[in-house]
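FYI, the numbering for the sequence shown is 5 to 118, going by my numbering. Glycine residues also receive a C-beta, built at the ideal position from the N, C-alpha and C atoms. All values reported here derive from a predicted model rather than from experimental measurement. To start, the structure under review is shown below, and the notes come after it.
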Amino acid sequence: MSAEPALPGPDGDGRAATVFAFRRPVRRQEAAMPQPPAGDLTPQDRLAASIEKAFADHRRTLTDPDTAEAFLISLGLMRRTLDGALAQGLIDQPAHADLAGMLDGMREATRLLA
5 MSAEPALPGP DGDGRAATVF AFRRPVRRQE AAMPQPPAGD LTPQDRLAAS
55 IEKAFADHRR TLTDPDTAEA FLISLGLMRR TLDGALAQGL IDQPAHADLA
105 GMLDGMREAT RLLA
């Protein structure tokens, strides 16, 4: 039994060369946003600040268009998951409405931080 592959790879030696290409996200340094006193923040402002902090912990910001776009895509996927869970009877309509409302609130973070 031969250890040779049936079809030689591009190197001619039977090994296929694998090349992975990826794009590194742009990590812009943003000036800290001035924040009003905590008592003046709306619940939506506090949620947006909490989400932005989570991204800042990974040296990212939702004020970066590419990061914001990826965030919104992820929220859209979560919404599709919720819709599927409702359709399959895994969650009921009130739970779906509550969870979808939370996702909608998270979606607003990109607008509030812009």
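Collapsed DSSP secondary structure at residue i in the structure displayed
i           : result
residue 115 : helix
residue 96  : coil
residue 50  : helix
residue 36  : Since pLDDT at residue 36 reaches only 49, below the 50 mark, its modelled position is unreliable, and the value read off the structure follows with that caveat. DSSP places residue 36 in coil when its eight states are reduced to three.
residue 79  : helix
residue 71  : helix
residue 109 : helix
residue 84  : helix
residue 90  : helix
Presumed contact (8 Å Cβ cut-off) between residue i and residue j, rounded CB distance
i          : j           : result
residue 3  : residue 116 : Because the chain is modelled from 5 through 118, residue 3 falls outside the range shown and cannot be assessed.
residue 65 : residue 56  : 7 Å
Beta-carbon spacing of residue i, residue j below 8 Å
i          : j           : result
residue 67 : residue 118 : yes
residue 83 : residue 104 : yes
residue 81 : residue 111 : no
residue 51 : residue 93  : no
Spell out a yes or no on whether the segment 98-113 and the segment 72-90 are touching, meaning 3 or more CB-CB pairs, one atom from each, closer than 8 Å. yes
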